[in-house]
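Everything below concerns the one structure shown next.
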Amino acid sequence: MVNNDKTDEQRLDALTDALADSILEESDDENIEELRLSGVNPDSEAARLKAMMLATVKAFR
Amino acid sequence: MLGEAQMAIKPPRRVPEEAAATLKEITAAIEALTPAEWAKLRRFADYRLFLLGPKKEGRESDDLLQTALTDLLVDTRRWNKAKVGFAAFLIGAIQSISSNWARSYKKEEIPVPEADLLRTNEEGETFSPLDNIQVHRPDPEHARHQRQTLERIETLFKEDERAQMVLMAWQEGYDPSGVRELWQLSQNEYNTIVRRIRRRLDDAGLTAHLGRGEN
């Protein structure tokens, strides 16, 4: 089924889209668990990202 | 090239100013995101960076999130909170920004910042005039990276026929339901294969996922 008309760039783009979109199909619990499995504490990461984003808003003001 | 692109796009359907979220609403939306939504945003940004290869140039998922927010604050992008949730808005912005970064135009080829050209329609989707431009001649380093990445992926899964089937279908542009139909996979079977693919790519350091290697 490989379409040889596609370039490496097109194949890799499509693969990346599918890979990233697969994250969106996961449940909340799965996302939390997968992040934990990668060695990141989900609560700490949420707090860190929230602080980073709020600091950006504060700096903008 | 830029002129041709501008002529080719449809008139922008920008979110009207009165419908765009205010600074106060943006702040409240950040405060309200749940740990699961942060996890999803973080992981989505990580995997979008996979596309960049050498063009990642030290940029991380934090940079993608920050850029999405900054675009919103400076009114390059607008969020219509009546039509789309904040997490979904950020997902769309991250997708658009990472695609634009992947094109990696040299400054001398783009006389105006690409951010200045971005438009958002009524659905909260952001368009760039550069979105439809085909890059016919990627630079040699990027082209080499793309070839090597595809070869590494092929090698990683040479003993995993089912993963090969899913990867091949993805590369051909099949969506999840299309892949399941094509290979007669149940939702559970598909999910299991996809998780296996992600973990193996992470462990091989092919993705930008924190704690599992650098790209």
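Chain order of the listed sequences is A and B. Using my numbering, the first residue of the first sequence is number 1, and each one after it goes up by one. Using my numbering, the first residue of the second sequence is number 1001, and each one after it goes up by one. Cβ coordinates follow ideal geometry from the N, Cα and C atoms, glycine included.
Residue-chain proximity (residue i, chain A), Cβ-Cβ < 8 Å
i, result
"Ala1204 of chain B", "no"
"Lys1107 of chain B", "Because Lys1107 of chain B carries a pLDDT of 38, less than 50, the predicted location of this residue cannot be relied on, and the following value inherits that uncertainty. Answer no: the Cβ-Cβ gap between Lys1107 of chain B and chain A never drops below 8 Å."
"Ala1039 of chain B", "yes"
"Phe1044 of chain B", "yes"
"Ile1193 of chain B", "no"
"Ile1091 of chain B", "yes"
"Phe1050 of chain B", "yes"
"Asp1139 of chain B", "no"
"Leu1167 of chain B", "yes"
"Gly1211 of chain B", "Confidence at Gly1211 of chain B is low in this model, with a pLDDT of 43, below 50, so its placement is unreliable and the value that follows should be read with caution. Yes, because at least one Cβ of chain A sits closer than 8 Å to the Cβ of Gly1211 of chain B."
"Ala982 of chain B", "Chain B is shown only over 1001 to 1215; residue 982 of chain B falls outside these bounds and no answer can be derived."
"Asp1062 of chain B", "yes"
"Thr1076 of chain B", "no"
"Leu1073 of chain B", "yes"
"Thr1070 of chain B", "yes"
"Leu1156 of chain B", "no"
"Arg1147 of chain B", "yes"
"Gln1066 of chain B", "yes"
"Lys1081 of chain B", "no"
"Val1112 of chain B", "Since pLDDT at Val1112 of chain B reaches only 48, below the 50 mark, its modelled position is unreliable, and the value read off the structure follows with that caveat. Cβ-Cβ to chain A under 8 Å: no for Val1112 of chain B."
Nearest-angstrom beta carbon gap, residue j and residue i [assumed within contact, 8 Å]
i, j, result
"Arg1078 of chain B", "Val1166 of chain B", "Contact doesn't hold; Cβ gap of about 36 Å is too wide."
"Leu54 of chain A", "Ile1030 of chain B", "6 Å"
"Leu1052 of chain B", "Ala1102 of chain B", "6 Å"
"Phe1050 of chain B", "Thr1207 of chain B", "5 Å"
"Arg11 of chain A", "Leu1150 of chain B", "6 Å"
"Tyr1047 of chain B", "Ile23 of chain A", "6 Å"
"Trp1038 of chain B", "Leu49 of chain A", "5 Å"
"Ile1026 of chain B", "Val40 of chain A", "About 25 Å; that fails the 8 Å criterion."
"Ala18 of chain A", "Trp1170 of chain B", "4 Å"
"Ile1097 of chain B", "Thr1076 of chain B", "Rounded, the Cβ-Cβ distance is 10 Å, inconsistent with contact."
"Gln1293 of chain B", "Phe1157 of chain B", "Residue 1293 of chain B lies beyond the range of chain B shown here (1001 to 1215); nothing can be said about it."
"Met52 of chain A", "Asp1160 of chain B", "Their Cβ separation, rounded to whole angstroms, is 37 Å, which puts Met52 of chain A and Asp1160 of chain B out of contact at 8 Å."
Residues bridged to residue i (per DSSP)
i, result
"Ala1093 of chain B", "Paired residue(s): none; Ala1093 of chain B is not in a bridge."
Contact with chain B by residue i, beta-carbon distance below 8 Å
i, result
"Asp123 of chain A", "An answer regarding residue 123 of chain A cannot be provided, because it is not within the stretch 1 to 61 covered by chain A."
"Asp5 of chain A", "no"
"Met53 of chain A", "yes"
* Residues of the stretch 12–34 of chain A whose Cβ lies closer than 7 Å to any Cβ of chain B, in chain order -> Residues Leu12, Asp13, Ala14, Leu15, Thr16, Ala18, Leu19, Ala20, Ser22, Ile23, Leu24, Glu25, Asp28, Asn31, Ile32 and Glu34.
* Enumerated in chain order, which unbroken segments of the alpha helix (DSSP H) with a length of 4 residues or greater are wholly contained in the stretch 1137–1173 of chain B? -> Every alpha helix (DSSP H) of 4 residues or more that sits fully in the stretch 1137–1173 of chain B is shown, in chain order, as 1140–1156 and 1161–1171.
* **Against chain A: residues of the stretch 1170–1199 of chain B by CB proximity under 9 Å** => Contact annotation: in the stretch 1170–1199 of chain B, residues whose CB is within less than 9 Å of a CB in chain A are Trp1170, Gln1171, Glu1172, Gly1173, Tyr1174, Asp1175, Pro1176, Val1179, Leu1182, Asn1191, Val1194, Arg1195, Ile1197, Arg1198 and Arg1199.
* Which ranges would you report for the beta strand (DSSP E) in the stretch 1020–1099 of chain B if only whole runs of at least 3 residues count? -> Listed in chain order, the beta strand (DSSP E) elements of length 3 or more contained wholly in the stretch 1020–1099 of chain B amount to none.
* Asked: When you check each C-beta in the stretch 1020–1037 of chain B against every C-beta of chain A, which residues fall closer than 9 Å?
  -> Going along the stretch 1020–1037 of chain B in chain order, one finds Leu1023, Ile1026, Thr1027, Ile1030, Glu1031, Leu1033, Thr1034, Pro1035, Ala1036 and Glu1037 with a Cβ nearer than 9 Å to chain A.
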